[in-house]
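Heads up: the sequence shown runs through residues 1 to 270, numbered per the working numbering.
Every residue, glycine too, gets a C-beta built ideally from N, C-alpha and C.
The structure under discussion appears below in the form of structure tokens.
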Amino acid sequence: MSDYQAFQVELQGNIAHVQINRPEKVNAMNAAFWSEIVEIFQWIDETDAVRVVVLSGAGKHFSAGIDLMLLASVANELGKDVGRNARLLRRKILQLQASFNAVDQCRKPVLAAIQGYCLGGAIDLIAACDMRYAAADAQFSIKEIDMGMAADVGTLQRLPRIIGDGMLREMAYTGRMVAADEARTIGLVNRVYSDHQALLEGVMSIAQEIAGKSPIAIGGTKQMISYMRDHRVDDGLEYVATWNAAMLQSSDLRLAMTAHMTKQKPEFLD
């Protein structure tokens with residue numbers, strides 16, 4: 001693993017702990033963040049030893065969203081021609097979207113551990129994760145509306161299937177803060193922990209449990225769930241039949257069944 005400007009990455013057993021590491025800037029997402037996250041998740045995807053990812057933020061807050069200095073730098077690139085400006089802005093937006101697509105499309109489960117502020121672009125990020133968990137002090141807001149813009153890096157596309165259309169619209173139209181307990185009630189997070197330490201311990205425990213399962217089975221399960229976002233039920237059934245025609249021949253199935261019958265814990269290969 002390389003040294004990163006915006007992240008700290010550690011491999012703890014089979015768990016990759018990816019931590020946004022700009023606490024002095026409230027973990028705001030600067031230029032390095034957007035390029036490094038693609039590199040990190042490419043490494044995760046290609047490294048068989050990594051079975052689960054825990055994504056967190058250093059310090060008191062998960063992330064305050066996109067760094068305003070980055071927005072200012074983009075504004076400085078704009079000229080007088082509307083057409084060329086539109087082409088530039090579209091290219092920049094697609095680049096940012098690709099960064100969080102790398103998280104969404106990762107073959108390994110990604111668990112977000114959220115404390116303090118989770119604002120703007122940070123909502124886009126956690127929406128690309130498989131599961132979200134919060135400390136009691138977590139606060140969520142789709143802040144783009146207060147900046148005079150529509151969120152454009154995934155929140156409006158991914159959150160409807162997580163919290164439902166109506167609640168997404170309320171958050172997106174008002175930009176209001178949603179506290180941890182309400183986030184749990186609307187399904188934005190799976191569980192709320194008393195504080196940051198309990199949050200990290202709890203999420204790591206869940207990640208460890210997932211890491212103990214067959215990586216073939218976990219990968220297949222994630223692929224099937226993701227496939228069903230854009231397909232009909234009969235398409236999904238056809239797809240899983242084809243998928244498992246190959247994957248059920250894995251030695252993991254025999255190992256898991258033997259372990260179940262002998263009441264032992266299975267140890268799966270990476």
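Proximity below 7 Å, CB of residue i to CB of residue j
i: A217; j: V52; result: no
i: G79; j: I20; result: no
i: A270; j: D48; result: The sequence given here places Asp at residue 270; Ala does not occur at that position. Yes, the pair counts as a contact, with Cβ atoms nearer than the cut-off.
i: F41; j: A102; result: yes
i: A127; j: L94; result: no
i: G187; j: I142; result: no
i: A113; j: L200; result: yes
i: Q7; j: E36; result: It should be noted that the sequence gives Phe, not Gln, for residue 7. It is a contact, given that the beta carbons lie within the stated cut-off.
i: V275; j: K92; result: This structure gives no information on residue 275, because the portion of the chain shown stretches from 1 to 270.
i: A136; j: A64; result: no
Bridge partner(s) assigned by DSSP for residue i
i: S141; result: L119
i: E10; result: H17
i: D29; result: The residue asked about is misnamed: residue 29 is Met in this sequence, not Asp. BP columns for M29 point to I66.
i: I114; result: A134
i: A179; result: Q139
i: V54; result: H17, L111
Distance, residue j Cα to residue i Cα
i: I123; j: R107; result: 21 Å
i: N27; j: I225; result: 30 Å
i: M247; j: D45; result: 18 Å
i: L11; j: D81; result: 48 Å
i: I162; j: S194; result: 23 Å
i: A31; j: G121; result: 13 Å
i: A256; j: Q208; result: 17 Å
i: R90; j: Q264; result: 54 Å
i: D234; j: C129; result: 26 Å
i: R132; j: L119; result: 14 Å
i: E24; j: G148; result: 26 Å
i: R87; j: R229; result: 30 Å
Cβ-based burial, residue i [other Cβ within 10 Å; buried from 16]
i: L55; result: buried
i: V153; result: buried
i: L68; result: exposed
i: A72; result: exposed
i: G116; result: buried
i: S251; result: exposed
i: L237; result: exposed
i: Q197; result: exposed
i: N76; result: exposed
i: Q139; result: buried
i: P215; result: buried
i: T258; result: exposed
Chain C within 7 Å of residue i, Cβ atoms only
i: L96; result: Protein chains in the displayed structure number just one, and chain C is not present.
Which ranges would you report for the alpha helix (DSSP H) in the stretch 182-214 if only whole runs of at least 4 residues count?
Every alpha helix (DSSP H) of 4 residues or more that sits fully in the stretch 182-214 is shown, in chain order, as 196-211.
Along the chain, which unbroken stretches of the alpha helix (DSSP H) at least 4 residues long are found entirely within the stretch 62-102?
Runs of the alpha helix (DSSP H) spanning 4 or more residues and lying entirely within the stretch 62-102 occur at 68-76, in chain order.
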